[in-house]
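Down below is the structure, laid out as structure tokens.
Protein chains in written order, with this note's numbering: chain S, 1 to 204; chain L, 1001 to 1409.
Put into structure tokens, the structure is as follows:
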């Protein structure tokens, strides 16, 4: 009959109305500043620098100021200045470090290319999106101190990815150690074997 | 105050007592003026506030009908953390629209462009003059109240065309003509749905029509016209036509945001734009008030035992009920196309309304039938309207529903 569709529709909306008061499952609204949804694991917005040790962030930056990310960055939002001296990195090897490392978040387009190209796993994508400031010149330009965040924070925001990176780094370091050990052993062996291989020509 | 009013309860008399108390401060020659000014201020204040809270109620109800929360943030600006369930939203909106820039197109007819929103609000407020809000609360008691109501209500259509014409914008003009086509189409079923009431009560006075609906069968069955076989279809036709007359969804074609820019309101901004919406809500409230008066017994209580509640409270309750129903409709139905809209009016509502006038005539002719004849009277009267409704519905929807979807070959 004509009009039955209208009545059915009215029943549907009436159910919505009643349900919206006792059935929180129906509601789609998240009241943002008070409530927050959990961001998906792969969410990203701006990069940050990883430090090995939270107590000494500037001393243990993974970044060695190779400037690959600076050169690859499509909108050219990264500025790096190499240090004059060298510091030992996590493995104890002497490396350069960035004396200045800056990212202009008003220019950054969150493309993640810096992360892709970094050979040292030193730069990763962050999840902080509440970055409004009252000063668009100073506060949107993130310097070294504000970019540095410990590895444990990386584990917090991207657990799967961080575990994979840590495993790879550990394997690399182990391999390097093995190699060093083998090399050292070879050297030692060579040093030890030298007298054997070349015995004194004659004994009195 | 009339002598009859003195026998009522205090609450029933309270508005009159207050008015007379204020008027008595004035010198005798000015008392008639004070009397009318107080009435005007009261109507403006009550329905202005009513309009403000209708907008927030509409937004919250619509949200709930669609499983959302609706506006719930705005509190008081000087107290942090207090949200008042968002009830102060209309005042924030008012300040926003008042402080917005008012842009008038360079080529517009400045005078008409300014007059259109003024006239639309003025005429929609004028319709409140003849609504009986309570047993003794009626701003102007006219013998031809219904005629006056429809004359004032129809004048807002002129203002809509004025708005479209004076904007000097082809979209505004076309939309205004569309709006005019809609409003004039629905003027006919609206008035035809009221004719049966006039036939039965043989009066055009709104107070007279309410008084004709007084009394209860067994003390709980009110004699409202909506509970008669000719009154119910008339009420439904009235509801549909009232929706269309006040440009509300599903008949909101005149300012369909998603199809037209804003129809005849395209060139309006700031407070003038808000005035059109104010007029729309005033028009809706007035038409709902008329619907309450004509079909839902006006200020009469639904049960004899509830008569101790003052009559104006009953009127306002019924009015709120009507508005909630209109909001419910808006949250449910989709907008019609212009051809569907006019077809509904001319092929469906007008024939049914005409039949219903005949139905009312039959009801009057058989008013002497009693006893078992009363049942036959109800059966014939129902048949007169239900059979054409089903037949007309079948013929009109044949070929339209249920819709089959197919891909282009």
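Every residue gets a Cβ at the ideal spot worked out from N, C-alpha and C, and that includes glycine.
Item                                                                                                                                                                                     : Value
Between residue 1390 of chain L and chain S, is any beta-carbon pair separated by less than 8 Å?                                                                                         : yes
Which two residues bound the contiguous beta strand (DSSP E) that contains residue 104 of chain S?                                                                                       : 98-104
Spell out a yes or no on whether the segment 1161-1168 of chain L and the segment 1124-1144 of chain L are touching, meaning 3 or more CB-CB pairs, one atom from each, closer than 8 Å. : no
Run the CB neighbour count on residue 124 of chain S, radius 10 Å, all protein chains shown included, and call it buried at 16 or more, exposed below.                                   : buried
Between residue 205 of chain S and residue 117 of chain S, is the Cβ-Cβ spacing less than 8 Å?                                                                                           : Beyond the ends of chain S as shown, which are 1 and 204, falls residue 205 of chain S; an answer cannot be given.
Helix, strand or coil: how does DSSP classify residue 1162 of chain L here?                                                                                                              : helix
Compare the C-beta of residue 29 of chain S against all C-beta atoms of chain L and say whether one is closer than 8 Å.                                                                  : yes
Beta-carbon within less than 8 Å of residue 1184 of chain L's beta-carbon, same chain only, minus the 5 sequence neighbours each way: which residues are those?                          : 1157
8 Å is my cut-off, CB to CB: does residue 1397 of chain L come that close to chain S?                                                                                                    : yes
With respect to the beta strand (DSSP E) encompassing residue 49 of chain S, which residues constitute its N-terminal and C-terminal limits?                                             : 47-51
I'd like the list of long-range same chain contacts for residue 1071 of chain L, defined as Cβ closer than 6 Å, with 5 residues on each side in sequence excluded.                       : 1059, 1086, 1089
For the candidate residues L:1134, L:1153, L:1066, whose alpha-carbon lies nearest to that of residue 1282 of chain L?                                                                   : L:1153
Which of the three DSSP states, helix, strand or coil, is assigned to residue 1369 of chain L?                                                                                           : coil
Taking 8 Å as the threshold (C-beta atoms), are residue 1193 of chain L and residue 1353 of chain L in contact?                                                                          : yes
At 8 Å on the CB atoms, spell out the chain L contacts of residue 13 of chain S, in chain order.                                                                                         : 1065, 1066, 1328, 1331, 1332
Which one of L:1253, L:1340, L:1329 has the shortest CA to CA distance from residue 1062 of chain L?                                                                                     : L:1329
Thinking C-alpha only, which one of S:169, S:145, S:119, S:162 is nearest residue 55 of chain S?                                                                                         : S:145
Does chain L have any CB closer than 8 Å to the CB of residue 16 of chain S?                                                                                                             : yes
Name the DSSP beta bridge partners of residue 148 of chain S, please?                                                                                                                    : S:49
Going by other Cβ atoms of all chains shown within 10 Å of its Cβ, with 16 needed for buried, is residue 13 of chain S buried or exposed?                                                : buried
When you compare the CB of residue 167 of chain S with every CB in chain L, is at least one pair closer than 8 Å?                                                                        : no
Which ranges would you report for the alpha helix (DSSP H) in the segment 1354-1409 of chain L if only whole runs of at least 4 residues count?                                          : 1372-1397
Look up residue 31 of chain S in the DSSP assignment and say whether it is helix, strand or coil.                                                                                        : coil
For the segment 1004-1040 of chain L, list the alpha helix (DSSP H) runs that are entirely contained and at least 4 residues long, ordered along the chain.                              : 1010-1023
Please identify the residue among L:1207, L:1403, L:1140, L:1092 whose C-alpha is closest to the C-alpha of residue 1298 of chain L.                                                     : L:1207
Could you check where the alpha helix (DSSP H) with residue 1187 of chain L kicks off and where it finishes?                                                                             : 1170-1201
Would you say residue 144 of chain S faces chain L, with C-beta separation under 8 Å as the test?                                                                                        : no
Using a Cβ-Cβ distance under 8 Å, would residue 96 of chain S count as near chain L?                                                                                                     : no
Using Cβ-Cβ distances below 7 Å, what residues of the segment 1238-1259 of chain L are close to chain S?                                                                                 : none
Where does residue 1217 of chain L sit, in a helix, a strand or coil, going by DSSP?                                                                                                     : strand
Between which two residues does the alpha helix (DSSP H) carrying residue 1138 of chain L extend?                                                                                        : Segment: none, residue 1138 of chain L is in no alpha helix (DSSP H) and carries neither H nor E.
Per DSSP, residue 95 of chain S forms a beta bridge with which residues?                                                                                                                 : S:87
Going by DSSP, which residues form a beta bridge with residue 1257 of chain L?                                                                                                           : DSSP, once it has assigned bridges, lists no residue as partnering residue 1257 of chain L.
What's the call for residue 1246 of chain L, buried or exposed, on a 16-neighbour Cβ count within 10 Å?                                                                                  : buried
Taking 8 Å as the CB-CB limit, is residue 1393 of chain L close to chain S?                                                                                                              : yes
I need the DSSP call for residue 141 of chain S, collapsed to helix, strand or coil.                                                                                                     : strand
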